[in-house]
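*Asks:* Would you mind keeping the following structure in view while I ask a few things?
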Amino acid sequence: MSELKKIGPSTYLLPKNGGMLVPGLVIANEALLKEIEIERPLDQVRNVAYLPGIVGYSIAMPDIHWGYGFPIGGVAAMDVETGVISPGGVGYDINCGVRLIVVPEKFKDLSENHKKKLLEAIFHLVPSGVGHEHKGSKGLSDKDYQQLVEKGARWSVEQGFGFQSDLDHMESHGVIAGGNINAVSNQAKERGSKQLGSVGSGNHFIEIGEIQKIFLLEIAAAWGIEEGQTYVLIHSGSRGFGHQICQDTLNLFLKRGFAKGLPDKQLVAAPINSSEGQHYFQAMAAAANFAFNNRQQILHYVREAFNKVLNIAPEKVRLIYDVCHNIAKFESHEVNGVMKKLCVHRKGATRAFGPGAEELAPIFRKTGQPVLVPGDMGRASHLMVGLGNPLTWCSACHGAGRARSRVQSLKAWQGKDPIQHMQREGVTVMAASYKTIAEEMPDAYKDVDAVVDAVEEARLAKKVCRLRPHLVIKG
Amino acid sequence: MTHDENNPEEIRRLFFGIEVFAPWHQKLPRGRLLDENHRHLTLAFLGEANFTKLMQALPTFPKPLFKVGLVGFFDSLLFLPERHPHVVAWYVEWLHSQNVLEQYHKEVLHWLVNLGFNPDIRDEFLPHVTICRQPFFPREWKKAFQPLPLIAKDIHLYESMGHLKYEPRWTYSLKAPFEEIEHTADIAFNIRAENLEQLYLNAQCALAFKFPQLLPYLQKMKQENLEEIIIGLNEIVAKADSEVGCPFKAISFHGELETEEDNVLLWEMIIDV
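Chains U and H, in that order, are what the protein sequence lines are.
According to this note's numbering, the first sequence is numbered sequentially starting from 6.
According to this note's numbering, the second sequence is numbered sequentially starting from 10.
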């Protein structure tokens with residue numbers, strides 16, 4: 006930590022040394038840096054800076070923690086002509102992401118009976134937990150796979166899951182161009198076959214709560230968000246399909262010797278323009294599109310639950326935005342005064358385009374892009390708006406980040422009743438496994454308020470509103 | 010210290026056993042259950058024997074050829090003895106070193122006989138762990154049985170204290186085949202083994218400790234290097250995930266293989282969850 010040099014509000018420089026091609030950049034404030042175990046993740050920030058073609062900085066967000074090759078909360082942009090693409094820079098759960106939905110009802114107006122029924126209905130409709138999938142589903146055919154990996158979320162909309170208008174409320178309109186099912190193994194297809202519309206396990210969740218506090222009234226109003234309103238947050242990714250694609254690619258890249266010269270094998274990366282690099286991008290885009298469909302179908306079931314329990318029409322349950330936080334994307338950014346096409350890896354980081362970004366739908370082009378920052382299941386989550394800061398290639402954080410290991414958390418809650426504890430804190434939790442709840446208790450995470458404050462101080466995004474969870478379904 | 014066969018204080022109910030660790034089920038059928046901390050695998054049963062004499066002989070206790078504890082799984086249920094059973098036991102299938110333990114059992118017996126003790130010698134060595142004593146309901150136990158992974162690590166001279174309590178009076182420790190270590194985001198283990206084949210199996214057993222449903226997917230396969238081991242482990246995880254679901258995303262290509270002073274291999278395995 007002593008190596009870090011403060012260069013701006015909540016912004017630190019990690020000087021270049023050894024084989025680093027660029028310096029590191031850490032977004033955090035003093036309090037966070039004291040609180041987190043920083044040395045191992047900082048090593049990973051340094052290691053990422055060795056990757057060929059990296060430009061600018063190897064970047065760490067304030068929710069940084071140790072990851073697979075790249076730190077989680079890491080951002081790295083590579084020159085498309087000279088750079089590499091790294092599966093470790095995307096993560097196993099390709100296009101793991103979050104979507105925020107608002108419901109035209111004040112949370113305080115929901116009766117206890119309705120809350121209970123809502124939670125039960127969603128728990129019943131959306132499979133969660135290890136390996137859970139839709140029972141009775143016939144699975145995805147080859148044709149289904151081909152279409153969904155090319156069309157992205159539009160495929161689910163065409164199948165009756167949601168509305169055309171939902172697509173404007175998703176990063177990249179719910180599709181990463183270039184998805185190719187021929188780049189995907191049969192094993193990946195088997196793993197994903199019945200998993201669309203399911204949450205999965207680990208830190209994935211569905212939470213319902215209230216918009217507790219609005220910081221930017223004008224933007225909240227533009228997005229149709231009011232204080233006290235009921236919201237739903239969905240966190241899930243590409244399930245077994247994406248994991249297998251990552252695994253298949255790592256095996257291939259290692260066999261081809263692409264880890265040679267790198268300080269960590271897990272950074273293994275192929276030149277973007279090589280056949281292997283292209284193959285990975287096509288498979289990664291396929292998984293990203295699978296994930297958009299997954300979250301779109303979960304949204305459909307959430308709408309069904311609100312319709313069944315509260316008689317709210319599905320179209321009134323509005324999607325605010327859907328973000329990817331494990332992805333590599335081709336974007337144009339200015340490098341040393343010249344516009345360049347870059348491959349931006351965001352692993353546990355969120356794109357945070359500011360006002361005027363061409364890719365955004367008109368409503369967001371005026372305001373900047375919504376940035377969703379889920380915290381823990383007890384305290385809060387945040388909705389921010391991107392400022393398009395070029396220092397981080399228009400990126401911000403993706404969550405609170407773990408402060409305590411799963412083992413520590415499990416030990417800390419041994420012999421206690423975490424469900425009762427959460428209930429006393431005003432949060433009802435349902436989960437497929439008790440263990441998951443104990444591992445995911447709020448004290449296992451950093452304080453998300455401190456994380457978003459650092460992001461705001463560093464001018465990556467601004468806080469729009471704070472969300473307070475009340476009903477949580479964990480995987 | 011002298012020993013006196015006629016001094017009742019020196020005669021104790023003794024046996025050598027290996028302490029067994031497993032992700033024990035918290036709910037088991039009815040019966041007089043052995044506390045988890047007292048479950049063991051008997052290596053050589055002495056019965057009433059001279060404690061002082063045995064303690065004095067322990068410096069010559071035959072050391073096992075294996076330096077790292079053994080891994081295996083409970084693969085079936087036994088009611089012992091067969092004719093009029095009064096205990097419920099789980100049979101142990103070793104993932105490796107099956108014959109090694111049997112050989113070692115014979116060595117310990119031989120050592121005891123040479124010292125003038127009278128250990129229980131049977132035709133067949135049946136590796137098992139007693140879980141419960143009479144009264145019990147066999148049907149309930151048969152219905153509830155599920156395979157579980159296990160580690161056999163510390164060799165103890167146990168004294169039977171009665172009421173299903175067994176206290177270690179002397180210990181010879183082996184290195185743990187795996188032990189969980191702290192990791193901020195994921196699950197991590199230190200895996201130890203005497204060769205790559207064992208390392209692969211010990212790593213699989215560590216995974217099965219966290220998720221016993223992985224047991225049917227375990228595989229013995231010769232691996233040439235750490236990379237192949239990681240690829241093999243990931244294939245197991247992928248197969249289990251596609252068939253029954255699996256809480257692990259992948260085994261990280263992290264770390265190097267280290268060799269400790271006594272030539273034991275050590276690898277830090279990190280599991281992405």
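Virtual Cβ for every residue (Gly too), placed ideally from N, Cα, C.
No experiment lies behind these values; they were computed from the predicted model shown.
On the DSSP letters alone, give me the boundaries of the alpha helix (DSSP H) that H:W150 sits inside.
*Replies:* That run of the alpha helix (DSSP H) goes 147-153.
*Asks:* Would you verify that the beta carbon of U:H248 is, or is not, closer than 7 Å to some beta carbon of chain H?
*Replies:* It does; some Cβ of chain H falls within 7 Å.
*Asks:* Is it right to say U:G353 is buried, meaning 16 or more other beta carbons lie within 10 angstroms of its own, or is it exposed?
*Replies:* By the 10 Å Cβ count, U:G353 comes out buried.
*Asks:* With a threshold of 7 Å between beta carbons, is U:S414 in contact with chain H?
*Replies:* Chain H, which has no Cβ nearer than 7 Å to the Cβ of U:S414, makes this no.
*Asks:* Can you give the Cα-Cα distance for U:K148 and H:V282, rounded to whole angstroms?
*Replies:* Straight-line Cα distance between these residues: approximately 31 Å.
*Asks:* How many Å lie between H:H12 and H:K62 at the Cα?
*Replies:* Residue placement at H:H12 is poorly supported in this model, since its pLDDT is 45, which falls under 50; the coordinates still yield a value, given next. The alpha-carbon atoms of H:H12 and H:K62 are separated by roughly 6 Å.
*Asks:* Based on the DSSP secondary-structure assignment, which residues constitute the bridge partners of U:D327?
*Replies:* U:R104, U:M175, per the DSSP bridge assignment.
*Asks:* Along chain C, in chain order, which residues have C-beta atoms closer than 9 Å to that of U:G207?
*Replies:* No chain C appears in the structure shown, which is made up of the protein chains U and H.
*Asks:* Grab the span of the alpha helix (DSSP H) containing U:N312 for me, first residue to last.
*Replies:* U:N312 -> alpha helix (DSSP H) spans 280-315.
*Asks:* Span of the alpha helix (DSSP H) holding H:N211?
*Replies:* It spans 205-219 - the alpha helix (DSSP H) in which H:N211 sits, taken as one unbroken run.
*Asks:* H:I200: which of H:E191, H:H192, H:E206, H:A185 sits nearest, CA to CA?
*Replies:* Comparing Cα positions, the closest option is H:A185.
*Asks:* My parser needs the alpha helix (DSSP H) runs of 4 or more residues fully inside the segment 58-85 of chain H; what are they?
*Replies:* The segment 58-85 of chain H contains these whole alpha helix (DSSP H) runs: 60-66.
*Asks:* So what does DSSP say about U:M382, is it helix, strand or coil?
*Replies:* Three-state result, U:M382: coil.
*Asks:* For H:A31 and H:L159, I'd like the C-alpha separation in whole angstroms.
*Replies:* Cα-Cα distance, rounded: 5 Å.
*Asks:* Between which two residues does the beta strand (DSSP E) containing H:A98 stretch?
*Replies:* From DSSP, the beta strand (DSSP E) with H:A98 extends over 96-103.
*Asks:* Between U:F295, U:V434, U:G61, U:G96, which has its C-alpha nearest U:E155's C-alpha?
*Replies:* For the residues U:F295, U:V434, U:G61, U:G96, the minimum Cα distance to U:E155 belongs to U:F295.
*Asks:* Check whether the Cβ of H:T11 lies closer than 7 Å to any Cβ atom in chain U.
*Replies:* Annotation note: pLDDT 44 at H:T11 (below 50); position unreliable, coordinate value reported separately. No, H:T11 lies away from the interface with chain U (no Cβ there is under 7 Å from its Cβ).
*Asks:* Taking the alpha-carbon positions, what's the U:K338 to U:P109 distance?
*Replies:* It is His, not Lys, that sits at residue 338 of chain U in the sequence shown. If you take the alpha carbons of U:H338 and U:P109, they lie about 38 Å apart.
*Asks:* Take U:G24 as the anchor and find which of U:D48, U:H178, U:V85 has the nearest alpha-carbon.
*Replies:* Comparing Cα positions, the closest option is U:D48.
*Asks:* Three-state secondary structure (DSSP) at U:Q217?
*Replies:* Here U:Q217 sits in strand by DSSP.
*Asks:* Just list the beta strand (DSSP E) runs in the segment 17-43 of chain H, keeping only unbroken ones of 3 residues or longer that don't cross its boundaries, in chain order.
*Replies:* Within the segment 17-43 of chain H, the complete beta strand (DSSP E) runs of at least 3 residues are 20-30.
*Asks:* Name, going along the chain, the residues of the segment 261-278 of chain U whose beta-carbon falls closer than 7 Å to a beta-carbon of chain H.
*Replies:* The residues in question are K270, Q271.
*Asks:* Can you list, in chain order, the residues of its chain whose CB lies under 7 Å from that of U:Y62, leaving out five sequence neighbours each side?
*Replies:* Within the same chain, U:Y62 has close Cβ partners V27, P28, G29, L30.
*Asks:* Less than 7 Å between the beta carbons of U:V237 and U:V131, yes or no?
*Replies:* Not closer than 7 Å, so no.
*Asks:* According to DSSP, is H:R92 helix, strand or coil?
*Replies:* Residue state, collapsed to three classes: coil.
*Asks:* From this set, U:H387, U:C399, U:D458, U:D84, which residue's C-alpha is nearest U:R484's C-alpha?
*Replies:* The question about residue 484 of chain U has no answer, for chain U in this structure spans 6 to 480.
*Asks:* Excluding the five sequence neighbours on either side, which residues of its own chain have a C-beta within less than 7 Å of the C-beta of H:E102, listed in chain order?
*Replies:* Only G81, F82, D84 meet the Cβ criterion.
*Asks:* With three or more beta-carbon pairs closer than 8 Å as the criterion, would you say the segment 307-315 of chain U touches the segment 115-134 of chain U?
*Replies:* Verdict: yes, contact present.
*Asks:* I need the DSSP call for U:E339, collapsed to helix, strand or coil.
*Replies:* It is a strand residue.
*Asks:* CB-CB under 6 Å to U:H209, same chain, minus the five flanking residues each way: which ones, in chain order?
*Replies:* If we look at U:H209 and ignore the five residues flanking it on each side, its Cβ neighbours are H240, S241, G480.
*Asks:* Using beta carbons (cut-off 7 Å, strictly below), is U:R196 in contact with chain H?
*Replies:* Yes, because at least one Cβ of chain H sits closer than 7 Å to the Cβ of U:R196.
*Asks:* Can you list the residues of chain U that H:E191 reaches, using a CB-CB cut of under 7 Å?
*Replies:* Residues of chain U passing the Cβ test: S410, V412, Q413.
*Asks:* On the DSSP bridge list, what partners appear for U:Q234?
*Replies:* Beta-bridge pairing links U:Q234 to U:K111.
*Asks:* DSSP three-state label for U:R471, please.
*Replies:* U:R471 falls in the strand class under three-state DSSP.
*Asks:* Note down, in chain order, all residues in the segment 95-118 of chain U with a beta-carbon under 8 Å from any beta-carbon belonging to chain H.
*Replies:* Those residues of the segment 95-118 of chain U that come within reach of chain H (Cβ to Cβ, closer than 8 Å) are Y97, D98.
*Asks:* Is the Cβ of U:G245 closer than 7 Å to any Cβ of chain H?
*Replies:* Interface residue, yes.
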